[in-house]
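Colleague:
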Amino acid sequence: MKFKVLLYFFSLFMLMSTAPVVGQNRAAAASDPQYVTQTSVAAGTSPQSPAVSYASVSQVNGLLSQLEATSKTAQNDLTRLRIERWKTDGSTKKQTLGNVDSIQRNLQSALPEIMGQVRNAPEDLSASFKLYRNLDALYDVLGNVAESAGAFGPKDDFQSLSNDLNSFEVSRRQLADRLANLATSKEQELSHLRTELKTAQAAVAAVPPKKTVIDDNQPAKKPAAKKKPATKKPATTPGQTPPEQQAKPQS
Numbered sequence: 005m006k007f008k009v010l011l012y013f014f015s016l017f018m019l020m021s022t023a024p025v026v027g028q029n030r031a032a033a034a035s036d037p038q039y040v041t042q043t044s045v046a047a048g049t050s051p052q053s054p055a056v057s058y059a060s061v062s063q064v065n066g067l068l069s070q071l072e073a074t075s076k077t078a079q080n081d082l083t084r085l086r087i088e089r090w091k092t093d094g095s096t097k098k099q100t101l102g103n104v105d106s107i108q109r110n111l112q113s114a115l116p117e118i119m120g121q122v123r124n125a126p127e128d129l130s131a132s133f134k135l136y137r138n139l140d141a142l143y144d145v146l147g148n149v150a151e152s153a154g155a156f157g158p159k160d161d162f163q164s165l166s167n168d169l170n171s172f173e174v175s176r177r178q179l180a181d182r183l184a185n186l187a188t189s190k191e192q193e194l195s196h197l198r199t200e201l202k203t204a205q206a207a208v209a210a211v212p213p214k215k216t217v218i219d220d221n222q223p224a225k226k227p228a229a230k231k232k233p234a235t236k237k238p239a240t241t242p243g244q245t246p247p248e249q250q251a252k253p254q255s
């Protein structure tokens with residue numbers, strides 16, 4: 005069931021990315037205090053994304069704040085583990101240590117970066133879906149570590165990791181619900197844009213083309229006569245008598 009939901013979100017995102025873009029008037033939304041404008045923080049660029057509702061931004065901020073708190077708690081709980089003292093073989097300890105190291109790197113690097121992308125673009129399906137996939141992977145690996153702690157480690161370690169796992173699961177479900185709502189909203193927006201596009205195309209087709217009437221009986225215009233270039237008189241040097249004033253020789 006989980007893979008079907010992910011496939012649906014991904015298909016819808018691809019459909020949105022290839023849809024035709026139609027200009028919309030955002031003046032009303034921009035003047036409404038219920039809307040805020042999100043600005044991209046990418047290096048070298050400063051484009052503005054469409055207006056996002058205040059309720060949507062508040063929901064994202066609450067979800068991300070909860071996820072940040074869970075991440076810090078999980079990192080502390082993982083640091084306190086003493087896997088080398090567990091009552092199990094060396095292979096299991098080595099695998100668990102590798103899982104813990106992978107989780108720590110994700111919580112310290114990958115997760116904050118993805119969360120920043122979602123915070124800058126709350127209604128970007130691509131960023132939200134990336135965060136969901138990351139939480140899904142974290143949940144699976146952390147679940148393996150918690151299971152091993154319950155089998156081979158102290159009870160307190162297992163209880164702490166179980167609480168972290170439950171908190172990640174709550175965030176993952178909230179994000180899944182938000183993705184479903186965003187997908188529905190984007191689908192409605194896409195349908196509206198398609199309707200506007202069809203209306204604009206119909207309006208263009210209804211305007212009759214301009215006709216140019218040519219009268220075959222009208223005499224053709226004669227080409228303008230070319231003016232002959234004026235002849236230049238030869239220049240005379242000082243002290244020289246012009247040719248027309250020179251005396252003719254006597255016969």
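Residue numbering for the sequence shown follows my numbering, starting at 5 and increasing by one per position.
All residues carry an ideal CB built from backbone N, CA and C; glycine is no exception.
Keep in mind that this is a model prediction, so the values were computed, not measured.
Compute the beta-carbon to beta-carbon distance between Leu68 and Leu129, rounded to the nearest angstrom, for a pair I have assumed lies under 8 angstroms.
Modeller: Going by Cβ atoms, the distance from Leu68 to Leu129 rounds to 16 angstroms, so no, they are not a contact pair.
Colleague: Taking 8 angstroms as the cut-off, does the region 112-130 touch the region 55-64 (at least 3 CB pairs, one atom from each stretch)?
Modeller: Cβ pair count under 8 angstroms is three or more, so yes.
Colleague: Enumerated in chain order, which unbroken segments of the alpha helix (DSSP H) with a length of 4 residues or greater are wholly contained in the region 136-173?
Modeller: Complete alpha helix (DSSP H) runs here, min 4: none at all.
Colleague: Compute the distance between the beta-carbons of Ser132 and Leu194, then report whether it is under 7 angstroms.
Modeller: Contact flag unset, no.
Colleague: I believe Leu135 touches Ile118 by the beta-carbon criterion, under 8 angstroms. Please report the beta-carbon distance rounded to the nearest angstrom.
Modeller: Yes, they are in contact, since the Cβ atoms of Leu135 and Ile118 sit about 5 angstroms apart, within 8 angstroms.
Colleague: If you drop the 5 nearest sequence neighbours on each side, which residues of the same chain put their C-beta closer than 7 angstroms to that of Gln70?
Modeller: So the qualifying residues of the chain are Ser175.
Colleague: Bridge partners for Val61 per DSSP, in chain order?
Modeller: Its beta-bridge partners do not exist; DSSP assigns none.
Colleague: Gln52 by DSSP, collapsed to three states: which one?
Modeller: For Gln52, the predicted structure reports a pLDDT of 48, less than 50, and the residue's modelled location is therefore unreliable. A value from the coordinates is still provided. DSSP places Gln52 in strand when its eight states are reduced to three.
Colleague: Check whether the region 81-96 touches the region 206-217, counting contact only when three or more Cβ pairs, one atom from each stretch, lie closer than 8 angstroms.
Modeller: Short answer: they don't touch.
Colleague: Could you round the C-beta distance between Leu139 and Leu179 to whole angstroms and report it? I think they count as a contact, below 8 angstroms.
Modeller: Indeed, because the Cβ distance is near 7 angstroms, the residues count as touching under 8 angstroms.
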